[in-house]
Amino acid sequence: MPPLLEIDRVSKAFDGVQANVEVSFAVHEGEILGLIGPNGAGKTSLFNSISGEVTPDAGEIRFEGQPISGLGPVACARLGIARTFQVVRSFDSMTVLENVMVGAFARASSARAAMTAAEQVLAFTGLGARVDTAAYLLTPPEKRRLEIARALATNPRLLLLDEMLTGLTPAEAQAGVQLIREIRAQGVTIIMVEHVMEVLLPLVERAVVLNLGRVLTEGRPQEIVRDPAVIKAYLGDRYAAA
Amino acid sequence: MMVMRSLAAALPAAPVRDNSILRRRRHELFVAGVVLVVLALLPLATHDVYFQNLIILTILFAGLAQAWNILGGYCGQISLGHALYFGIGGYVSTLLFVRAGVPPTFGMVAGGMVGALAALLVGWPCFRLSGHYYAIATVVVGEIGYLLFLNWDFVGGASGVYVPFTGHSLINLQFRVSKLPWHYVALGFAAIAWLTAFLVEGSRWSYSWRAIKDDVIAARSLGVRVFPSKMAAAGISGFLTAMGGAIYAQYVGYIDPDSVMAGSLSILIALPAVLGGVGTLWGPLIGSAVLIPLSELSRSYLGGSGSGVDLMLYGALITGVALARPQGLVSLIGVKRRSGGGDAPAA
Ligand SMILES: Nc1ncnc2c1ncn2[C@@H]1O[C@H](COP(=O)(O)OP(=O)(O)OP(=O)(O)O)[C@@H](O)[C@H]1O
Ligand SMILES: [Mg+2]
């Protein structure tokens, strides 16, 4: 069986900025893969390529063995790739339920079916009490959950989470970790981008480190955080920022 | 599939609980029932032919504005060329009747289909344009249609086509004396347009349109297909507008490019929805209840159409509403614009 997702020497540049350079790795069915790296390392850019938002300049992305580069976000969503956004994007003229129904329509054959599916997903993600609330009234952690609920409503096989735990209180982050575990238990494969190492380490089996657009290393998280090259990349970034 | 199956197993197969969407839709249906009864009884209020005519035109334009609203309001594609579909409906049904003896009740459906086809043909290239460019393109397309019909001898050119009276007949939409039957024909049309908008509002398309308007990147990431959903709006809107055009042609008994395809007509179809509230179920009716009487009154008291006074009045009215009530007149009576949330504070 091929891996669920194969990234094969993917490169992408924006106006001369190399966001991704020959990135290669594979994601296996049922795993939670961490994608880490300092600011500007190219994590979000890679998510954009996987979800079809942008087309890589070179290389190939295969989902269940099938090439998907260049298909566009709609086709990727329908194939079973869902994502959340680093900067939250909610449909602010809609209620929570309506937001999630937009995702549910990707699979549902009728409005009634979409509504039922959306209500189930909202109960699952802990937003059952907020169904009728206008989306713009949600608290930041609730908005993150709404994005996850909306993505789950499309019934994905692969879920891309971009810094969904960043900026949360430790308690909120723990609740988020619990939700991610439950999602994986439903059979959804997850790639998560996260800066908060304490949260990420116990959650993922494997992590890929990006730096300056390239794969720096990949392996078990406990080993990776002790890797001198990784420490240097992060500290270098911090010195530069200081 | 996996998530849903296991979720369904984990949770009791609960039927959809009551929520703000279902409550709002029940409420709208109830209001629609009341409005329908009131409008059906309206002819009792007057025997004056002038007022009867005014009411019929108001209801007809409420239906037309609703048809426009599906594309211009719910889907957010501002069309200023709807007279093209209106005229096509009028011409198709009239010519089928005059040349081939096809009853206008059938001709109205045939006209609707040609109108839908025209709207799809216009949408195919024009939906690739964004925002203002789409609106401008529809103006141009509407004007081309007008000139085409003006110079097309087969359809009567500039001298138009008369609908001969062939005797009292419902199927031919020909009524001898009273205007009363026309009241119910117009009301039936407006009711169909309203019901279509109501069904569209609850359908996947309306969710797609609203999602696209709110955040197109998020919408696409959820598998929302932008182009087909716009084409669906165009087709429905074109069909209903052409149907209204067929009814209008039959009612007036005469059509020429100036009466059914002029650019000012495109504006008159769009304005009630804009004034009443775009993307709302009741905006078109409220808007046309204000605009159409105003337009007729200005015509009778301030001189014939073409003097431009009526257009100046609209301009002033729209500007006033845009400044004081950007969400349209419908917001005055507490009906929420689009489907805002149950818990949302009245913003
Ligand atoms: N659409 C774009 N246009 C121009 N440059 C872009 C675009 N997207 C990303 N970049 C550039 O590509 C590089 C990688 O950005 P990316 O957002 O992928 O990093 P990241 O790893 O997600 O960083 P962060 O941790 O800050 O979110 C950056 O230099 C960024 O400025
Ligand atoms: Mg990022």
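Line by line, the protein sequences are chains V and Z. Position in the first sequence (first residue = 1) + 1 = our numbering. Position in the second sequence (first residue = 1) + 8 = our numbering. Each residue gets a CB set at the ideal place from its N, CA and C atoms; glycine is no exception.
Contact under 7 Å by Cβ, residue i with residue j
i        : j        : result
V/Glu7   : V/Ala27  : yes
Z/Ala242 : Z/Ala127 : yes
V/Ser160 : V/Val178 : One point to set straight first is that residue 160 of chain V is Leu, not Ser, in the sequence displayed. Contact flag unset, no.
Z/Ile294 : Z/Gly287 : no
Z/Cys134 : Z/Ala143 : no
Z/Trp190 : Z/Tyr259 : yes
V/Ala118 : V/Ala105 : yes
Z/Ser296 : Z/Ala48  : no
Z/Ala219 : Z/Val234 : no
Z/Ser214 : Z/Tyr82  : yes
Z/Val149 : Z/Gly119 : no
Z/Ile78  : Z/Val208 : yes
V/Gly73  : V/Asp9   : no
Z/Val110 : Z/Leu104 : yes
V/Cys77  : V/Ser52  : yes
Z/Val268 : Z/Phe94  : yes
Reference residue i, options the options, closest by Cα
i        : options                                : result
V/Thr140 : V/Leu202, V/Ile37, V/Ser91             : V/Ser91
V/Arg108 : V/Asp133, V/Leu128, V/Gly81            : V/Gly81
V/Thr134 : V/Leu98, V/Ile191, V/Lys13             : V/Leu98
V/Leu217 : V/Glu32, V/Pro39, V/Asp9               : V/Pro39
V/Asn156 : Z/Ile67, Z/Leu321, Z/Leu230            : Z/Leu230
V/Thr126 : V/Ala114, V/Ser111, V/Lys144           : V/Lys144
Z/Leu68  : Z/Met239, Z/Val110, Z/Gly252           : Z/Gly252
Z/Pro280 : Z/Leu125, Z/Phe206, Z/Val163, Z/Leu65  : Z/Leu65
V/Val189 : V/Glu23, V/Leu34, V/Ala112             : V/Leu34
Z/Val163 : Z/Ile96, Z/Pro112, Z/Gly139            : Z/Ile96
V/Arg215 : V/Gly43, V/Asp9, V/Gly17, V/Glu30      : V/Gly43
Z/Pro112 : Z/Asn180, Z/Val46, Z/Val208            : Z/Asn180
V/Leu128 : V/Ala176, V/Pro171, V/Ile225, V/Ser52  : V/Ala176
V/Gly41  : V/Arg227, V/His196, V/Pro142, V/Gln121 : V/His196
Z/Ile225 : V/Leu169, V/Thr45, V/Phe86             : V/Phe86
V/Val132 : Z/Arg25, Z/Val100, Z/Ala332, Z/Leu305  : Z/Arg25
V/Ile181 : V/Glu148, V/Val209, V/Val210           : V/Glu148
Extent of the continuous beta strand (DSSP E) run through residue i
i        : result
V/Asn212 : 207 to 212
V/Ala109 : Element bounds for V/Ala109: n/a, residue is neither H nor E.
V/Gly220 : 215 to 220
V/Asp163 : 159 to 163
Z/Lys187 : That residue, Z/Lys187, is in no beta strand (DSSP E); it is neither H nor E in DSSP.
V/Ser25  : 18 to 28
V/Phe64  : 59 to 64
V/Ile8   : 6 to 15
V/Ile82  : 82 to 84
Bridge partner(s) assigned by DSSP for residue i
i        : result
V/Lys233 : V/Lys233 pairs with nothing; no bridge assigned.
V/Leu34  : V/Ile192, V/Arg207
Z/Tyr170 : Z/Tyr262
Z/Phe38  : The partner list for Z/Phe38 (beta bridge, DSSP) is empty, contrary to what the question assumes.
V/Pro68  : V/Arg63
Z/Gln182 : Z/Ser177
V/Ala135 : V/Thr96
Rounded distance between the beta-carbons of residue j and residue i, thought under 8 Å
i        : j        : result
Z/Ala257 : Z/Ile263 : 5 Å
V/Leu153 : V/Ile184 : 7 Å
Z/Phe183 : Z/Ile255 : The Cβ separation is near 13 Å, so there is no contact.
Z/Val171 : Z/Val106 : 7 Å
V/Ile62  : V/Ser50  : 6 Å
Z/Leu92  : Z/Gly153 : 4 Å
V/Leu5   : V/Glu54  : At roughly 19 Å, the Cβ-Cβ gap does not stay under 8 Å, so V/Leu5 and V/Glu54 are not in contact.
V/Arg221 : V/Arg207 : 6 Å
Z/Gly98  : Z/Thr249 : The Cβ separation is near 10 Å, so there is no contact.
Z/Asp318 : Z/Arg333 : With a Cβ gap of about 21 Å, Z/Asp318 and Z/Arg333 do not count as contacting.
Where the alpha helix (DSSP H) containing residue i begins and where it ends
i        : result
Z/Ile67  : 57 to 77
Z/Gly98  : 91 to 108
V/Gln179 : 171 to 186
Z/Ile225 : 224 to 229
V/Met95  : Where V/Met95 is concerned, there is no enclosing alpha helix (DSSP H), given that its DSSP letter is neither H nor E.
Z/Phe438 : Only positions 9 to 355 of chain Z appear in the structure, and residue 438 of chain Z is not among them; the question remains open.
Z/Asp318 : 317 to 332
V/Glu54  : Run containing V/Glu54: none; DSSP gives neither H nor E here.
Z/Val286 : Here Z/Val286 belongs to no alpha helix (DSSP H), and DSSP marks it neither H nor E.
Z/Cys83  : Looking at the DSSP string, Z/Cys83 is not in any alpha helix (DSSP H), and its letter there is neither H nor E.
Z/Phe114 : 112 to 134
Z/Leu50  : It is not in any alpha helix (DSSP H) - Z/Leu50 carries neither H nor E in the DSSP assignment.
V/Ala154 : 141 to 154
V/Leu201 : 198 to 201
Beta carbon proximity, residue i to chain C, threshold 7 Å
i        : result
V/Thr155 : Any reference to chain C falls outside this structure, whose protein chains are V and Z.
Neighbouring residues (CB closer than 5 Å to any heavy atom of ligand 3)
Ligand 3 is not part of the structure shown, which contains ligand 1 and ligand 2 as its ligands.
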